[in-house]
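Position one of the sequence shown corresponds to residue 1 (the numbering used here), numbered consecutively onward.
Note that the Cβ used here is the ideal one computed from N, Cα and C, for glycine as well.
What follows is a single structure, written as structure tokens, with notes after it.
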Amino acid sequence: MPEHVAGNAPRFVLTMDTDWAPQFVLDHVLDMLRTYNAPATLFCTSAYDLPADMLANGTLEIGLHPNFMPGSTQGPPDADEEGRLRHLLDLYPDAIGSRSHRFYWHSGLRALLLRNGLRYDASIFCPLQSHLHEYDYYGLTRFPTWWADGYHLLQGLELDRFAPPGMHEPGLKILNVHPIHVYCNTNDLGRMKKSLAGVRLPEAEPDDLAPLRSRGAGVETLFLSALRMMADQDEPAILGALRPRPLV
Numbered sequence: 001m002p003e004h005v006a007g008n009a010p011r012f013v014l015t016m017d018t019d020w021a022p023q024f025v026l027d028h029v030l031d032m033l034r035t036y037n038a039p040a041t042l043f044c045t046s047a048y049d050l051p052a053d054m055l056a057n058g059t060l061e062i063g064l065h066p067n068f069m070p071g072s073t074q075g076p077p078d079a080d081e082e083g084r085l086r087h088l089l090d091l092y093p094d095a096i097g098s099r100s101h102r103f104y105w106h107s108g109l110r111a112l113l114l115r116n117g118l119r120y121d122a123s124i125f126c127p128l129q130s131h132l133h134e135y136d137y138y139g140l141t142r143f144p145t146w147w148a149d150g151y152h153l154l155q156g157l158e159l160d161r162f163a164p165p166g167m168h169e170p171g172l173k174i175l176n177v178h179p180i181h182v183y184c185n186t187n188d189l190g191r192m193k194k195s196l197a198g199v200r201l202p203e204a205e206p207d208d209l210a211p212l213r214s215r216g217a218g219v220e221t222l223f224l225s226a227l228r229m230m231a232d233q234d235e236p237a238i239l240g241a242l243r244p245r246p247l248v
């Protein structure tokens, strides 16, 4: 049984949902990962130029971030759920994991993911719960996400350092960070969403986002604090390297 389940040690794993962020935003975050030699699983919504060395040495894993919600623009206009997933697989054929946009899930997605070669899913959100662990769901490994930057902001938790409640309790602690919020150092989620409403994010340029970057403490502050904390972890990992427990 994994130590983060059987023992007293929390296990932090960093993940990110790209959410159509432009390349320069993603590059900004990847540079931070390099600085701290931090491994991460990146769930991608669209095509990106990704660093071959980080992929080769296992510090960066690519997963899929399909938008199965009504009105999705992924894939052809008439694409169904499978078409949207295959659109992303065409971009990232080596991906073995997925997290649906906004944690969307229904029982039919298990079979959809498996028949398209995916081995795990992270579309569960269990904020700040202790004793979480990965598990086998009839052939599909499922990972519960423990923390998300948007949740942190909505709960009004402190921004000066990464110290959410329960962080020292046992269990798997998957962090979900959005590169756009790191780049903009978001400190007010509602205000940021309103500001981004007038920006076509995939085509945005640095000058478009410069006025939106917050001064003081924000998500970038939290992200850097989390990276420093995770640098001291004995066994940093990507999601694809973890092994599931049997479903009982």
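Query - Backbone secondary structure at L140 - three-state DSSP - result: strand
Query raised in the report: How many whole angstroms separate the CB atoms of L209 and C184, which I take to be in contact at a CB cut-off of 8 Å?
Result: 6 Å
Report task. Classify L114 as helix, strand or coil using the three-state DSSP reduction. Result -> helix
Query raised in the report: Mind checking whether T141 and L55 have CB atoms under 9 Å apart?
Result: no
Requested in this report: Answer with buried or exposed for N187, where buried requires no fewer than 16 other C-beta atoms within 10 angstroms of its C-beta.
Outcome: buried
Query raised in the report: Distance, Cα to Cα, A52 vs R34?
Result: 13 Å
**Report entry** Close beta carbons around V248, own chain, < 8 Å, minus the five adjacent residues each side
**Finding:** Confidence at V248 is low in this model, with a pLDDT of 48, below 50, so its placement is unreliable and no value can be given for it.
Requested in this report: Count the other CB atoms, across all protein chains shown, that sit within 10 Å of the CB of G139; report buried if there are 16 or more and exposed otherwise.
Outcome: exposed
Query raised in the report: How big is the Cα-Cα spacing for C126 and L113?
Result: 21 Å
Query - Of the listed residues H65, P39, Q74, nearest to N57 (C-alpha basis) - result: P39
Query raised in the report: Candidates H131, N176, E220: which alpha carbon is nearest P170's?
Result: H131
Requested in this report: Compare the Cα-Cα distances from P70 to each of D149, D234, L196, A79 and report the closest residue.
Outcome: A79
Query raised in the report: Who are the near neighbours of L91 in its chain, counting only those whose CB is closer than 8 Å to its CB and skipping five residues on each side?
Result: C44, S46, A47
Query - Burial state of T15 (16 or more Cβ within 10 Å) - result: buried
Report task. Using DSSP bridges, identify the partner residues of P10. Result -> G171
Query raised in the report: If we count the other Cβ atoms within 10 Å of its Cβ and call it buried at 16 or more, is D253 buried or exposed?
Result: Examination of residue 253 is not possible in this model, given that the chain is present from 1 through 248 alone.
Query raised in the report: Going by the CB atoms, is the gap between G83 and P76 shorter than 9 Å?
Result: yes
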